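There are 2 protein chains.
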Amino acid sequence: MSSGIPSATISRLVTYLRILENLEGEGISRTSSTDLAERAQVSAFQVRKDLAYFGRFGTRGMGYTVPVLKRELMRVLGLTQAWNVVILGIGRLGEAIANYPGASEYAFSYVGLFDVAEGVVGKEVRGLNVRHVSELAAFATANHVDMGFLAVPPEKAQDAAQMLVEAGVKGILNFAPVVLQPRAVERHGASEIAEEWRGVIVENVDFLAGMKRLAFYILNPHLRDLEPEETA
Amino acid sequence: MSSGIPSATISRLVTYLRILENLEGEGISRTSSTDLAERAQVSAFQVRKDLAYFGRFGTRGMGYTVPVLKRELMRVLGLTQAWNVVILGIGRLGEAIANYPGASEYAFSYVGLFDVAEGVVGKEVRGLNVRHVSELAAFATANHVDMGFLAVPPEKAQDAAQMLVEAGVKGILNFAPVVLQPRAVERHGASEIAEEWRGVIVENVDFLAGMKRLAFYILNPHLRDLEPEETA
DNA sequence: TGCTGTGAACAAGTTCACAGCA
DNA sequence: TGCTGTGAACTTGTTCACAGCA
Numbered sequence: 029m030s031s032g033i034p035s036a037t038i039s040r041l042v043t044y045l046r047i048l049e050n051l052e053g054e055g056i057s058r059t060s061s062t063d064l065a066e067r068a069q070v071s072a073f074q075v076r077k078d079l080a081y082f083g084r085f086g087t088r089g090m091g092y093t094v095p096v097l098k099r100e101l102m103r104v105l106g107l108t109q110a111w112n113v114v115i116l117g118i119g120r121l122g123e124a125i126a127n128y129p130g131a132s133e134y135a136f137s138y139v140g141l142f143d144v145a146e147g148v149v150g151k152e153v154r155g156l157n158v159r160h161v162s163e164l165a166a167f168a169t170a171n172h173v174d175m176g177f178l179a180v181p182p183e184k185a186q187d188a189a190q191m192l193v194e195a196g197v198k199g200i201l202n203f204a205p206v207v208l209q210p211r212a213v214e215r216h217g218a219s220e221i222a223e224e225w226r227g228v229i230v231e232n233v234d235f236l237a238g239m240k241r242l243a244f245y246i247l248n249p250h251l252r253d254l255e256p257e258e259t260a
Numbered sequence: 029m030s031s032g033i034p035s036a037t038i039s040r041l042v043t044y045l046r047i048l049e050n051l052e053g054e055g056i057s058r059t060s061s062t063d064l065a066e067r068a069q070v071s072a073f074q075v076r077k078d079l080a081y082f083g084r085f086g087t088r089g090m091g092y093t094v095p096v097l098k099r100e101l102m103r104v105l106g107l108t109q110a111w112n113v114v115i116l117g118i119g120r121l122g123e124a125i126a127n128y129p130g131a132s133e134y135a136f137s138y139v140g141l142f143d144v145a146e147g148v149v150g151k152e153v154r155g156l157n158v159r160h161v162s163e164l165a166a167f168a169t170a171n172h173v174d175m176g177f178l179a180v181p182p183e184k185a186q187d188a189a190q191m192l193v194e195a196g197v198k199g200i201l202n203f204a205p206v207v208l209q210p211r212a213v214e215r216h217g218a219s220e221i222a223e224e225w226r227g228v229i230v231e232n233v234d235f236l237a238g239m240k241r242l243a244f245y246i247l248n249p250h251l252r253d254l255e256p257e258e259t260a
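If you read the protein sequences in the order shown, they are chains A and B.
Residue numbering for the first sequence follows this note's numbering, beginning at 29 and increasing consecutively.
Residue numbering for the second sequence follows this note's numbering, beginning at 29 and increasing consecutively.
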């Protein structure tokens, strides 16, 4: 609902931005909706419509200038400012996330890593000492934290999310295969959204779900949206 | 397009299935569209509509029987059969995926792990010896492989995907922050879809994109779909 | 002339109201 | 009576045709 920018558009903008970075890396300075469309595997109409929600970034007859469009998309997506991130759950997955190259591009930076396990707390990961989650609240008071990544086991995800929210994060990237409830655990069942959850954004990254969708579409390929036949 | 089952419905079915497993684990044997809706954070209309695409699984006036609906959803999603999976790229992320609990639920099983790096090939991960990718084609001839997980660095993703497709996989779960092109690399630019790519399903799991979407929605919370106010 | 930007047509997906059955 | 199942209304998102400017 609301002011009407499709969430699919946001996902596509992220893709366009990545393509622009690659083009820039290859030293290509101009592109077009047709070119972007092919690289992003969408239609050129879609590219132009997506961009039009946010402004006029091209030149009629000429196309787009790579660095200009890149800068504009970074601005639109909020990637020109600093983002402080904590990770909860430094198991194999949390560690892989912390070390994944590209995450620290733009101004994302990991400022704190938290876990509960004996062998993990105190360990050094990507130049940070893993702290015990009991320190999270104090840490968040002392340091500005914008978002939290949740990489704990599924059964602990709701509690851990609650801690993040109480620590004041504005967004959660949830890797656990769980639908987070915007309310404290004890209050589960009450249909009220807990006050501390108001305005908190949750984005899910769920590979087990992806794996199951993949199984479904392998068995039912005709139900998969075909790729656009023409890129004009 | 096509026969008209929204892809969002498939994602939600995966969620419903997970909820049913949890309910079963708690010993709860009956549920309703309202209950499922609350746990899945969607509307009850949506739950009923999603299920109705595939059959009639409930009892009017009574709701759904947990084990029955669970079994039906597993059948619908294709999770009652065996799926042989290979992973390409056994870095930190690939290893985390291989070891993630829950992946081997249902009949998903990792049958082969592949990499190119010296220190990685030969290593034992989850009871499997990591092989060199040069063995992939022969491996796929000798063993039935249904899907491949792609956890290689972005710049190698397209080539690696091509190998998977040539090895005959029917689906790719792509963890690399790259839009895979359904064509061989040398042929990039030709708008023809390469023959070997016909019918191959690609599903993306892209946490860097999720992180950027999160940044956007933190700055523009009003553009985020609000949660359904009522669950009736 | 060429490619962007955009209002209008269309298609897809969601919400709803209620019919139908235990 | 209660909760599912579903056609119809509606809303959202995509496609299109073309106007508009370098």
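Every residue gets a Cβ at the ideal spot worked out from N, C-alpha and C, and that includes glycine.
For clarity, every value in this text was computed on a predicted model and none was experimentally measured.
- Query: With burial defined as no fewer than 16 other Cβ atoms inside 10 Å of the residue's Cβ, what is the status of A:Val57: buried or exposed?
  - Reply: Per the sequence presented here, residue 57 of chain A reads as Ser, with Val not at that position. Exposed is the call here.
- Query: Is A:Ser60 close to chain B, meaning its C-beta is less than 8 Å from at least one C-beta of that chain?
  - Reply: By the rule that beta-carbons nearer than 8 Å mark a contact, A:Ser60 does not touch chain B.
- Which partner residues does B:Phe177 have in the DSSP bridge list? B:Ile115, B:Leu201
- Are the beta-carbon atoms belonging to B:Phe177 and B:Val96 less than 8 Å from one another? no
- Classification of A:Arg252 by the beta-carbon crowding that lies within 10 angstroms, buried from 16 upward: buried
- Query: Using a beta-carbon distance below 8 Å, is B:Ile125 in contact with chain A?
  - Reply: yes
- Message: Which residue wins for smallest C-alpha separation from B:Leu48, given the options B:Arg88, B:Thr93, B:Met191, B:Leu156?
- Response: B:Thr93
- Have a look at A:Glu152 and A:Val158 and give me their C-alpha separation to the nearest angstrom. 6 Å
- Query: Can you tell me whether DSSP reads A:Ile47 as helix, strand or coil?
  - Reply: helix
- Return no unless some Cβ of chain A is closer than 8 Å to the Cβ of B:Val233. Yes, B:Val233 lies at the interface with chain A (some Cβ there is under 8 Å from its Cβ).
- Query: What is the DSSP secondary structure of B:Leu101, reduced to helix, strand or coil?
  - Reply: helix
- Message: Counting beta carbon pairs with one atom in the segment 227 to 236 of chain B and one in the segment 33 to 49 of chain B, are three or more of them shorter than 8 Å?
- Response: no
- Query: At a Cβ threshold of 8 Å, is B:Lys240 touching chain A?
  - Reply: yes
- Query: Three or more beta-carbon pairs under 8 Å between the segment 165 to 184 of chain B and the segment 118 to 131 of chain B, yes or no?
  - Reply: yes
- Task: Per DSSP, which residues does A:Tyr138 bridge with? Please list them.
- Result: A:Val113
- Where does A:Glu54 sit, in a helix, a strand or coil, going by DSSP? If DSSP states are grouped into helix, strand and coil, A:Glu54 belongs with coil.
- Starting from the C-beta of B:Ile125, find all residues in its chain whose C-beta is less than 8 Å away, skip the five residues before and the five after it, and write them out in chain order. Taken in chain order, the residues that qualify are Ile115, Ala131, Phe177, Ala179, Phe203.
- Out of B:Arg241, B:Gly238, B:Ile229, state which residue places its alpha-carbon closest to the alpha-carbon of A:Ala243. B:Ile229
- Query: Which residues in the same chain have their Cβ closer than 6 Å to the Cβ of A:Leu156, if we skip the five residues on either side of it in sequence?
  - Reply: Sequence-distant partners of A:Leu156 (beyond 5 residues in either direction) whose C-beta falls short of 6 Å from its own C-beta, in its chain, are Leu141.
- Task: Note down, in chain order, all residues in the segment 88 to 104 of chain B with a beta-carbon under 9 Å from any beta-carbon belonging to chain A.
- Result: Val104
- Under a CB-based cut-off of 8 Å, is A:Phe244 close to chain B? A:Phe244 counts as touching chain B.
- Query: Name the DSSP bridge partner or partners of A:Leu156?
  - Reply: A:Val153
- Any C-beta of chain A sitting closer than 8 Å to the C-beta of B:Tyr44? no
- Check whether the Cβ of A:Asp63 lies closer than 8 Å to any Cβ atom in chain B. no
- Could one say the Cβ of A:Tyr138 lies closer than 8 Å to chain B's Cβ atoms, at least one of them? no
- Buried/exposed call for A:Arg226, threshold 16 Cβ in 10 Å: exposed
- Message: Can you give me the C-alpha to C-alpha distance between A:Val148 and B:Gly150, rounded to a whole angstrom?
- Response: 27 Å
- Mark B:Ser162 as exposed unless 16 or more other C-beta atoms lie within 10 angstroms of its C-beta, in which case mark it buried. exposed
- Item | Opposing strand residues paired with A:Ile229 [DSSP bridges] | A:Gly199
- Query: Roughly how many angstroms separate the alpha carbons of B:Asp187 and A:Lys240, rounded to a whole number?
  - Reply: 24 Å
- How many Å lie between A:Val193 and A:Glu224 at the Cα? 6 Å
- Item | Contacts around A:Glu100, its chain only, beta-carbon distance under 8 Å, and the 5 residues preceding and following it disregarded | Close CB contacts of A:Glu100 within its chain, under the 8 Å cut and outside five residues either way in sequence, are with Phe82, Gly83, Phe85 (chain order).
- Neighbouring residues, chain A, relative to B:Ile115 (Cβ below 7 Å): The contacting residues do not exist; B:Ile115 stays about 11 Å from chain A at best.
- Task: List the DSSP bridge partners of B:Asp143.
- Result: In the DSSP secondary-structure assignment, B:Asp143 is bridged to B:His160.
- Message: Is there a Cβ of chain B sitting closer than 8 Å to that of A:Gln22, yes or no?
- Response: Only positions 29 to 260 of chain A appear in this structure, which leaves residue 22 of chain A out of reach.
- Let me know the secondary structure DSSP gives B:Thr93 once reduced to three states. strand
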